[in-house]
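The numbering of the sequence shown is the UniProt record's numbering, which starts it at 1 and goes up by one.
Notes follow the structure.
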Amino acid sequence: MIVMFTALSPGVNCPICKPAYDEFMIMANSYRYAHSELKQVYFGVVDYEEAPQIFQAMNLNTAPIMYHFGPKLQGKKKPDQMDFQRHGFDADAMARFVAEYTDVQIRILRPPNYAAPVVIVLLLALVLGLLYMKRNNLEFLYNRTSWGLVCLCITFVFLSGQMWNHIRGPPFIMNNPQTREASFIHGSTQYQV
Numbered sequence: 001m002i003v004m005f006t007a008l009s010p011g012v013n014c015p016i017c018k019p020a021y022d023e024f025m026i027m028a029n030s031y032r033y034a035h036s037e038l039k040q041v042y043f044g045v046v047d048y049e050e051a052p053q054i055f056q057a058m059n060l061n062t063a064p065i066m067y068h069f070g071p072k073l074q075g076k077k078k079p080d081q082m083d084f085q086r087h088g089f090d091a092d093a094m095a096r097f098v099a100e101y102t103d104v105q106i107r108i109l110r111p112p113n114y115a116a117p118v119v120i121v122l123l124l125a126l127v128l129g130l131l132y133m134k135r136n137n138l139e140f141l142y143n144r145t146s147w148g149l150v151c152l153c154i155t156f157v158f159l160s161g162q163m164w165n166h167i168r169g170p171p172f173i174m175n176n177p178q179t180r181e182a183s184f185i186h187g188s189t190q191y192q193v
């Protein structure tokens with residue numbers, strides 16, 4: 001049995017509990033859809049607000065925590081715990097943890113994200129609407145200054161590091177291992193030119 005101990009209440013200051021819970025539910029639903037007839041692994045969630053006595057019985061003072069309670073768990077032996085600090089809390093890392101202790105492979109099935117297609121359709125409708133409204137005077141398409149300004153804006157966006165962040169996905173704040181100093185700018189020399 002895989003159990004996540006979390007604190008989803010807004011009164012509890014836990015910024016990663018909700019994203020970790022969402023990823024846990026994606027993993028559990030992926031298992032349910034792929035292995036509907038298989039009953040090898042069971043998933044459960046314990047919320048601090050609903051069951052604080054369980055947190056006290058388990059001697060837990062942090063959240064989120066994910067445990068594997070195996071069939072041979074006896075006495076005072078502690079269950080297997082996933083290290084979120086080292087492995088992260090995405091659904092793929094959780095599925096690897098489950099596979100390590102239960103030998104059940106879970107292929108993660110993420111729900112579709114319709115935000116990007118909707119934004120593209122709305123932007124396309126806006127551009128087509130603008131062209132329709134200005135159909136009698138399309139001289140602005142031949143204006144060198146406006147096209148130069150558009151090219152400069154695109155160049156500045158790509159040089160600003162947004163694309164570097166999108167490709168590499170660095171953390172928001174990095175700590176220098178030697179000085180333990182926090183930095184918002186990555187120390188890499190791999191600039192995009």
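Heads up, the beta-carbon is just placed ideally off N, CA and C, and yes, glycines get one too.
If you're wondering where the values come from, they're calculated on a predicted model, not measured in any experiment.
### Query
Three-state secondary structure (DSSP) at H35?
In the structure shown, H35 sits in coil (DSSP, three-state: anything other than H, G, I, E or B).
### Task
Compute the distance between the beta-carbons of F43 and V3, then report whether it is under 9 Å.
Taking 9 Å as the Cβ cut-off, F43 and V3 qualify as a contacting pair.
### Query
Which same chain residues, not among the five before or five after I108, have their C-beta less than 8 Å away from its C-beta?
Result list for I108: I26, M27, S30, A91, D92, A95, in chain order.
#### Entry: F43 - partner residues in DSSP beta bridges
Bridge partners of F43: I2.
### Message
Counting C-beta neighbours from all protein chains within 10 Å, is the total for Q192 16 or more, i.e. buried, or is it exposed?
### Response
Only weak support exists for where Q192 lies, its pLDDT of 47 falling under 50; the value from the coordinates is given anyway. Exposed.
### Task
Check the C-beta distance from Y101 over to G148 and give it rounded, since I have them as a contact under 8 Å.
Rounded, the Cβ-Cβ distance is 59 Å, inconsistent with contact.
#### Entry: Coarse secondary structure for D80, derived from DSSP in three states
Note: D80 maps to strand in three-state DSSP.
### Message
With DSSP as the reference, identify every bridge partner of E183, one or two as the case may be.
### Response
According to the sequence provided, residue 183 is Ser. The question's Glu does not apply to it. Answer is M174, bridged to S183.
### Task
Just grab the DSSP bridge partners of H68 for me.
Per DSSP, I2, D80.
### Message
If you reduce the DSSP assignment to three classes, tell me which class L138 lands in.
### Response
DSSP, reduced to helix, strand and coil, places L138 outside both helices and strands of the structure shown, so it counts as coil.
### Query
CA-CA distance, F5 and D83?
About 13 Å.
### Task
Enumerate in chain order the residues of its own chain whose CB-to-CB distance from M173 is below 8 Å, with the five nearest sequence positions on each side excluded.
Contrary to the premise, residue 173 reads as Ile rather than Met in this sequence. Correct list, in chain order: A182, S183, F184.
### Query
CB P19 to CB F89, shorter than 9 Å?
Remark: C-beta atoms of P19 and F89 approach each other more closely than 9 Å.
#### Entry: For A51, the three-state DSSP class (helix, strand or coil)
Shown here, A51 sits in coil according to DSSP, grouped into three states, outside any helix or strand.
#### Entry: Under the three-state DSSP convention, the category I120 falls into
Looking at I120 - three-state DSSP - the assignment turns out to be helix.
### Query
What is the DSSP secondary structure of Q192, counted as helix, strand or coil?
Low per-residue confidence applies at Q192: pLDDT is 47, beneath 50, and the placement is therefore not dependable, though the value from the model is reported in the following sentence. Correct three-state label for Q192: coil.
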